Amino acid sequence: MDSPLTANGEALRLFFTDDIYLIHGEASASDMEEVNVAGPAAVALHAEGPAQAPVLPVKVPAQQLSFEYMGKNSRNILLLVNDPEHAVSDENGRELLRKIVKSVNLTANDFALVNYAKCGPATFSQFQEFFSSVLIFAFGVSPSQLGLGVHPAHTIVKEGAVSIIFSSELKALDADPAGKKQLWGSLKQLELS
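Numbering-wise (our numbering), the sequence shown opens with residue 3 and increments by one.
The structure is reproduced here in structure tokens:
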């Protein structure tokens, strides 16, 4: 693909439609004539008092957060973990995560891994704005922490076009055979290839 930069006059005319005038030389202060301007005039108020303008709420755009993450996020898959003591989890939790990722045929290039405990409170919409995820695995991050309604654990739920699986924290999940079995059933439904 060619560079989007151009110096072609015809192409630039499509984008810049206002007239531009080139002025040679600068005007100095001595060339300008002095003009006297009268001060503001007093305004008489009606007997009813000043008119009340309607007060409209102003929406301030939310500041976009920046997240520290591992992986390349090439397939827009977000893995959230919640461990304040480790970068991801303890050794058993990391091994479980490796097995989960491998079971759905993902590599580190496919997803972004974020430790929720390290990034501060962030909502689902903030994560979506930053990562544009199509699938989210939330290990130890509850729906309420993301500003969402109640969702069951270990099952695929939809928030708009995004599929989400909420599960317990990796250390707790590693010690929960029933939870792992239920999560495995949901992972098989994902059809990631």
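Idealized CB from N, CA, C, for every residue including glycine.
Since we're looking at a predicted model, the values are computed, not measured.
- prompt: Taking just the CA atoms, how far does residue 192 sit from residue 137?
  reply: For the purposes of this step, residue 137 is identified with residue 135 of the sequence shown, where counting begins at 1. For the purposes of this step, residue 192 is identified with residue 190 of the sequence shown, where counting begins at 1. C-alpha separation (whole angstroms): 9 Å.
query: Using the beta-carbon count (16 or more within 10 Å), is residue 194 buried or exposed?
result: The residue given as residue 194 occupies position 192 in the sequence shown. Exposed, since its Cβ has fewer than 16 Cβ neighbours within 10 Å.
task: Quick one: residues in its chain with C-beta nearer than 7 Å to the C-beta of residue 105, no 5 flanking neighbours on either side, listed in chain order?
output: The residue you call residue 105 lines up with position 103 of the sequence shown. Excluding residues within five positions, the ones whose Cβ falls inside 7 Å are 189.
- request: Tell me whether residue 146 is buried or exposed, calling it buried when 16 or more other Cβ atoms sit within 10 Å of its Cβ.
  value: In the sequence shown, counting from the first residue as 1, residue 146 sits at position 144. It counts as exposed.
query: Can you check whether the CB of residue 83 is closer than 8 Å to the CB of residue 185?
result: As a first step, residue 185 is located in the sequence shown; it is residue number 183 there, counting from the start. As a first step, residue 83 is located in the sequence shown; it is residue number 81 there, counting from the start. Against a cut-off of 8 Å, the Cβ pair of residue 83 and residue 185 comes out as no contact.
query: Where does residue 115 fall in DSSP's three states?
result: Position 113 of the sequence shown, counted from the first residue, corresponds to residue 115. Residue 115: strand per DSSP, three-state reduction.
message: So for residue 3, helix, strand or coil by DSSP?
response: Position 1 of the sequence shown, counting from 1, holds the residue named residue 3. Low local confidence applies: a pLDDT of 47 at residue 3 is under 50, so the model's placement there is unreliable, with the coordinate-based value given in what follows. Of the three classes helix, strand and coil, the one that applies to residue 3 here is coil, per DSSP.
- request: Sort 176, 118 and 134 by Cα distance to residue 165 and report the nearest one.
  value: The residue labelled residue 165 in the question sits at position 163 within the sequence shown. When only C-alpha atoms are compared, the closest one is 134.
message: Looking at the secondary structure, which residues open and close the alpha helix (DSSP H) in which residue 2 lies?
response: Nothing can be reported for residue 2, as the shown portion of the chain is limited to 3 through 195.
Three CB pairs or more closer than 8 Å across the segment 101-121 and the segment 71-82: yes
query: Which same chain residues, not among the five before or five after residue 167, have their C-beta less than 6 Å away from its C-beta?
result: Position 165 of the sequence shown holds residue 167. Counting only Cβ-Cβ distances below 6 Å, and skipping sequence neighbours, we find 139, 158 and 188.
query: Taking the runs of the beta strand (DSSP E) that are 3 residues or longer, which of them lie wholly in the segment 65-114?
result: 79-83
- request: Use the C-beta contact count for residue 152: other C-beta atoms within 10 angstroms, 16 or more gives buried, fewer gives exposed.
  value: The residue labelled residue 152 in the question sits at position 150 within the sequence shown. Answer is exposed; the Cβ neighbour count stays below 16.
message: On the DSSP bridge list, what partners appear for residue 165?
response: For the purposes of this step, residue 165 is taken as the residue at position 163 of the sequence shown. DSSP output for residue 165 lists 137 and 160 as bridge partner(s).
query: Residue range of the alpha helix (DSSP H) that residue 187 falls in?
result: Numbered from its first residue, the sequence shown carries residue 187 at position 185. Its alpha helix (DSSP H) spans residues 179-191.
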